[in-house]
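Right, one structure below, let's go through it.
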Amino acid sequence: MGESEARHTVEAVWRMESGRVVAGLAALVRDVGQAEELAQDALVAALESWPRDGVPANPGAWLMTVGKRRAIDALRRRQTEERKVAELGRDLDGEEFTPDFDAAVEERIEDDLLRLIFVACHPVLSPIARAALTLRLIGGLTTAEIARAFLTTEATVGQRITRAKQTLATARVPFEVPGPAERAERIGSVLEVIYLIFNEGYSATAGDDWMRPTLTEEALRLARILQGLMPEEPEVHGLAALLEIQASRTAARTGPDGEPVLLNDQDRSRWDQLLIRRGLAALDRARALGGTPGPYAVQAEIAACHARARTPDQTDWARIAALYATLARLVPSPVVELNRAVAVSFADGPAAGLELARALADEPALATYHLLPSVLGDLLAKLGRHDEARLEFERAASLTGNERERALLLDRAAACDRQKKS
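Take the sequence shown: its letters are residues 1 to 422, numbered as in UniProt numbering.
The following block contains the structure:
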């Protein structure tokens, strides 16, 4: 195997296995920062060994074993935790890099991975720090990849990750899955992080590109991992359903030059039917588990309404408006109310939607939210009030940080001028 081919294989294996390796090592050393360093040591060893010796039969087990050996060396150097050293040493006697090793520890590693997800998404960290740490530890992304995805510098991302690990250590966050009483609150933090990562990839808040596929793909992968680790949690399946269905539209969301294509203008034949089926299956699973649907499951129901409509005219907007009303009761938010206004405009006409949207004009949370004037502009244009619509589109363009979206909004403002003159 050539060096470049081996390096590519190492990178691919690392992306798939890094979360499991870090999780297993964190369970041993009880320190997330040290576990990541040990895993990185194993990665360096793979980069040195595999091009020369070939890729082992079970590369994930190879990385784990090397990491464990590094952990033993570190414990011996510190001359502490002697009992743990002895136990780990016995575990490694005669150990070979074979599939049997990975099979023997599979259940424990899955438990460790779940613990790591809860640690990386701990509420003691800010949402952006949780997202960066999760992408690093669970997703296996490099600091440079995370920086590119969030349009920031490597130094900034590195500082966030370092501070996050220091915060976890200072707070003495235990490496464990919280008990039943705390889990309901903490699972919300985990889901929030995955949703944040997906949304930043799906509709980038800044930069030249409308979407950042790296983030949407990682969020999908994290949601699927969580489904396997927590199969009895309805909201886990609700979030997975939402992300699968939203991601199904990716190919249709941009035009030939990367310009945004709005939902009702998309070529629905380009929607990914496999992702839609996966999403609907996850939604069925969430329903089957029973209980009151959570906010992610409700949003997945909304996404499913769009997915089932072969044309925009077949969309059940009355149901979508009712679902947004349900969502507003679960998580009161002016953004949810704005989405409800859009749904009402399709169900009952633009005048009805405009009335609801106008009522949100004084909401402090929407003062710099570009989608409020964008919605107002759209509804005013449908009512033939082109001068007012143009001003709203221009205001929306001044508020967005995404260049593609700004161009779209300015085009719509210009279209209002043309409509007025015609």
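All C-beta atoms, glycine included, are put in the ideal place defined by N, C-alpha and C.
Would you mind giving the Cβ-Cβ distance between residue i and residue j, rounded to the nearest angstrom? I have them listed as a contact below 8 angstroms.
i              : j             : result
glycine 353    : alanine 361   : That pair is no contact at about 14 angstroms.
glycine 140    : serine 4      : Contact flag wrong, Cβ pair sits at about 20 angstroms.
leucine 371    : leucine 338   : 7 angstroms
tyrosine 324   : leucine 239   : Not confirmed; about 18 angstroms, so no contact.
histidine 237  : arginine 278  : Incorrect: roughly 11 angstroms between the Cβ atoms, too far for contact.
threonine 347  : alanine 318   : The residue you asked about is not threonine; residue 347 is alanine in the sequence shown. The Cβ separation is near 5 angstroms, so the contact holds.
tyrosine 202   : threonine 216 : 5 angstroms
arginine 160   : alanine 129   : 5 angstroms
isoleucine 187 : glutamate 218 : At roughly 19 angstroms, the Cβ-Cβ gap does not stay under 8 angstroms, so isoleucine 187 and glutamate 218 are not in contact.
alanine 155    : leucine 125   : About 19 angstroms; that fails the 8 angstroms criterion.
valine 157     : threonine 167 : Going by Cβ atoms, the distance from valine 157 to threonine 167 rounds to 15 angstroms, so no, they are not a contact pair.
leucine 383    : alanine 359   : Not really, about 16 angstroms apart at Cβ, beyond 8 angstroms.
For residue i, which residues in the same chain have their Cβ closer than 7 angstroms to its Cβ, ignoring the five residues on either side in sequence?
i             : result
aspartate 267 : Ala252
glycine 386   : Residue 386 is actually histidine in this sequence, not glycine. Cys416, Gln419, Lys420, listed in sequence order.
valine 44     : none
arginine 148  : none
arginine 15   : Gly140
alanine 365   : Pro334
Once DSSP output is grouped into helix, strand and coil, what is the label at residue i?
i                 : result
glycine 254       : Here the sequence assigns threonine to residue 254, which means glycine is not the residue at that position. Here threonine 254 sits in strand by DSSP.
asparagine 402    : strand
isoleucine 117    : helix
glutamine 266     : coil
glutamate 185     : helix
proline 332       : coil
aspartate 362     : coil
asparagine 339    : helix
aspartate 31      : coil
asparagine 199    : helix
aspartate 53      : helix
isoleucine 194    : helix
glycine 377       : helix
methionine 230    : coil
tryptophan 271    : coil
glutamate 235     : helix
proline 213       : helix
alanine 172       : According to the sequence shown, residue 172 is arginine rather than alanine. In the structure shown, arginine 172 sits in coil (DSSP, three-state: anything other than H, G, I, E or B).
alanine 367       : coil
valine 177        : coil
arginine 249      : coil
threonine 65      : helix
glycine 19        : helix
threonine 134     : helix
valine 124        : coil
threonine 143     : helix
glycine 60        : helix
phenylalanine 150 : coil
leucine 383       : coil
Is there a Cβ from chain C that is less than 8 angstroms from the Cβ of residue i?
i           : result
alanine 343 : Any reference to chain C falls outside this structure, which holds one protein chain only.
In chain order, what residues of the same chain lie with their CB nearer than 8 angstroms to the CB of residue i, ignoring the 5 residues before and after it?
i              : result
proline 260    : Trp210, Arg253, Thr254, Arg404, Glu405, Leu408
proline 373    : Glu392, Phe393, Arg395, Ala396, Leu399
alanine 39     : Ser18, Val21, Val22, Leu25, Leu63, Gly67
arginine 70    : Leu38, Asp41, Ala42
residue 432    : The first residue shown for the chain is 1 and the last is 422, placing residue 432 beyond what the model contains.
asparagine 264 : Pro312
proline 99     : For proline 99, the predicted structure reports a pLDDT of 43, less than 50, and the residue's modelled location is therefore unreliable. A value from the coordinates is still provided. Closer than 8 angstroms at the Cβ level, and outside the excluded window around proline 99, lie Ala57, Asn58, Ala61.
leucine 229    : Glu110, Leu113, Leu114, Ile117
valine 173     : Val119, His122, Val124
Using the DSSP secondary-structure output, state which residues sit across from residue i in a beta bridge.
i           : result
proline 260 : Thr254
Considering only residues of the same chain and omitting the five flanking positions on each side of residue i, which have a CB-CB separation below 6 angstroms?
i                 : result
alanine 307       : Ile245, Ile276
valine 13         : Pro59
threonine 170     : none
residue 438       : The requested residue 438 does not occur in the structure, where the chain is confined to residues 1 to 422.
leucine 47        : Val10
serine 248        : Trp271, Asp272, Leu275, Ile276
alanine 223       : Ile194, Leu239, Ala240, Leu243
threonine 326     : Val298
alanine 413       : Arg390, Phe393, Glu394
glutamate 301     : Leu323
glutamate 316     : It should be noted that the sequence gives aspartate, not glutamate, for residue 316. If we look at aspartate 316 and ignore the five residues flanking it on each side, its Cβ neighbours are Cys305.
alanine 6         : Trp50, Pro51
leucine 330       : Pro295
phenylalanine 101 : Residue placement at phenylalanine 101 is poorly supported in this model, since its pLDDT is 39, which falls under 50; the coordinates are not used for a value here.
threonine 250     : none
Practice problem: Identify every run of the beta strand (DSSP E) within the stretch 274 to 333, keeping only runs that are complete inside it and at least 3 residues long; order them along the chain. | Solution: Given a length threshold of 3 residues, the stretch 274 to 333 has no whole run of the beta strand (DSSP E) inside it.
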